[in-house]
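Numbering (this note's numbering), first residue to last: 10 to 155.
From the three backbone atoms N, C-alpha and C, an ideal C-beta is built for every residue, glycine too.
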Amino acid sequence: MSAQHEDSGDNQPSQHELWKITLGELDEKMGVKILEESVERVVATMPVEGNRQSFGLLHGGASLAVGEAVGSWAAVIHASTMGKTAVGVDVSATHHRSAREGQVTITATPIHLGGTLTTHEVLITNEAGQRLCTLRITNLLMRRHK
Numbered sequence: 010m011s012a013q014h015e016d017s018g019d020n021q022p023s024q025h026e027l028w029k030i031t032l033g034e035l036d037e038k039m040g041v042k043i044l045e046e047s048v049e050r051v052v053a054t055m056p057v058e059g060n061r062q063s064f065g066l067l068h069g070g071a072s073l074a075v076g077e078a079v080g081s082w083a084a085v086i087h088a089s090t091m092g093k094t095a096v097g098v099d100v101s102a103t104h105h106r107s108a109r110e111g112q113v114t115i116t117a118t119p120i121h122l123g124g125t126l127t128t129h130e131v132l133i134t135n136e137a138g139q140r141l142c143t144l145r146i147t148n149l150l151m152r153r154h155k
């Protein structure tokens, strides 16, 4: 799926430095590792171990937390090309299957990259490439506060 891009009207290359992902406290506790970061795609991994619920399955809340983080990071990278930042305004998820072990891969790709809003699809897959969860996240782009 290719993203729609809003034209800012000036067609000039961005003079803003791309934002680089910095893990937060929860990301570190969940064992998140960043593999790729760009406007087009953000990819991370997370171990199932340490993120399971009481029945031994990957916790749905862990999937939402990591999916929201990766989708938001993708939005902030896009926003940084305009000297802006991003804040989440909506996230929804569908759990398709679960995992008991191994690691999951989280991939955020843009559906819409605008000057005011972004929407990303975030896929969480297991080591066999099977889809465990699909998230959709919308972020509002805002001026950075200094």
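Check                                                                                                               : Outcome
Nearest-angstrom Cα separation, counted from asparagine 60 out to asparagine 148                                    : 25 Å
Which listed residue (Ile146, Gly138, Thr116) has its alpha carbon closest to that of glutamate 49                  : Thr116
For lysine 42, the three-state DSSP class (helix, strand or coil)                                                   : strand
Simplified DSSP state of leucine 27, which is helix, strand or coil                                                 : coil
Alpha-carbon spacing of methionine 91 relative to histidine 25, whole angstroms                                     : 6 Å
Histidine 105, buried or exposed, once every other Cβ within 10 Å from all chains shown has been counted against 16 : exposed
Three-state secondary structure (DSSP) of glycine 70                                                                : helix
As assigned by DSSP and simplified to three states, the class of serine 101                                         : strand
Continuous beta strand (DSSP E) stretch holding alanine 147: start and end                                          : Note that residue 147 corresponds to threonine in the displayed sequence, not to alanine. Where threonine 147 is concerned, the enclosing beta strand (DSSP E) stretches over 140-152.
Supposed close pair valine 57, glutamine 112 - CB separation, criterion 8 Å                                         : 7 Å
Pick from Asp36, Ala53, Glu45, Leu32 that is closest to glutamate 136, judged by C-alpha positions                  : Ala53
Enclosing beta strand (DSSP E) for glutamine 112 [first to last residue]                                            : 112-122
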